[in-house]
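Following: one structure in structure tokens, then a few remarks.
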Amino acid sequence: MDYQPYQPEVDRPLKDVSEEQAIRVLQDVMETLDSRLVQLASLLGAYGIRLDFSDESITKLEQWFNENVEPSERNPGQLEGIWYSIAHDIGLYFGELVINRGRNLKWILCRETTSNSFHRHVVGGIAGADGEPWYVDFEIMLILYGYETIDGKRSRSTFFPAVVHDVLERDSKS
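Residue 117 in my numbering is what sits at position 116 of the sequence shown, and the numbering runs on without skipping anything.
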């Protein structure tokens, strides 16, 4: 595998950094987005998966993820280190997919201090049912999905398409 893992600018939780540093991290993520998608496309291309923003690519990506995600040998219940980078890159792919298909979606910095996504790059730009700003953190979602997969709690392969559909449905109603 010729996949080069993502190297984040900071090595601690983003909730613990200043807003200025979080903005710099967001800028770095956006500046490296294209190269990360190239890395992901190269990795998945070896498995015959083409990242073309199609529904088929979402389904094939989930099937591949379920078949290949690995638990950490040192920390049971955690993912093998490289899978955090892969989750980052798949999160960017899903973000770009919904932004390209949607009307109002964009990358934003989460400023909700009580959120697990505080100071992270998320897709937002629309209001939730309660009128409050709404966002999705694909990377965290994928990491949690990975935990469930390695624990054997995931048996269906329609989660990725359902999440993308839900985000686009919310966008269409805003």
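Every residue, glycine too, gets a C-beta built ideally from N, C-alpha and C.
Using the three-state DSSP reduction, which class does Ala23 fall into: helix, strand or coil? On the sequence shown, position 22 is the one that residue 23 refers to. In this structure, Ala23 counts as helix in the three-state DSSP scheme.
May I have a chain-ordered list of the beta strand (DSSP E) segments no shorter than 3 residues that lie completely inside the region 116-143? Runs of the beta strand (DSSP E) lying entirely within the region 116-143 and spanning at least 3 residues, in chain order: 122-128 and 134-137.
Beta carbon of Arg171 nearer than 8 Å to that of Trp135: In the sequence shown, the residue the question calls residue 171 occupies position 170. In the sequence shown, the residue the question calls residue 135 occupies position 134. Result yes, Cβ atoms of Arg171 and Trp135 sit closer than 8 Å.
Tell me Leu52's beta-bridge partners as DSSP assigns them. By 1-based counting over the sequence shown, the position of residue 52 is 51. In the DSSP output, where bridge partners are listed per residue, Leu52 has none listed.
With DSSP collapsed to three states, give me the class of Lys107. As a first step, residue 107 must be located in the sequence shown, where it is residue number 106. Strand, per DSSP.
Closer than 8 Å by C-beta to Gly147: which residues in its own chain qualify, once you throw out the five before and the five after it? Chain order, please. The sequence position of residue 147 within the sequence shown is 146, counting from 1. Excluding sequence neighbours, Gly147 sits near Phe66, Val70, Leu80, Trp84 and Ala88.
Residue range of the alpha helix (DSSP H) that includes Tyr85: Sequence index remark: in the sequence shown, residue 85 carries index 84 (1-based). Its alpha helix (DSSP H) spans residues Ile83 to Arg102.
With a threshold of 8 Å, are at least 3 pairs of Cβ atoms found where one atom belongs to the region 100-107 and the other to the region 19-33? no
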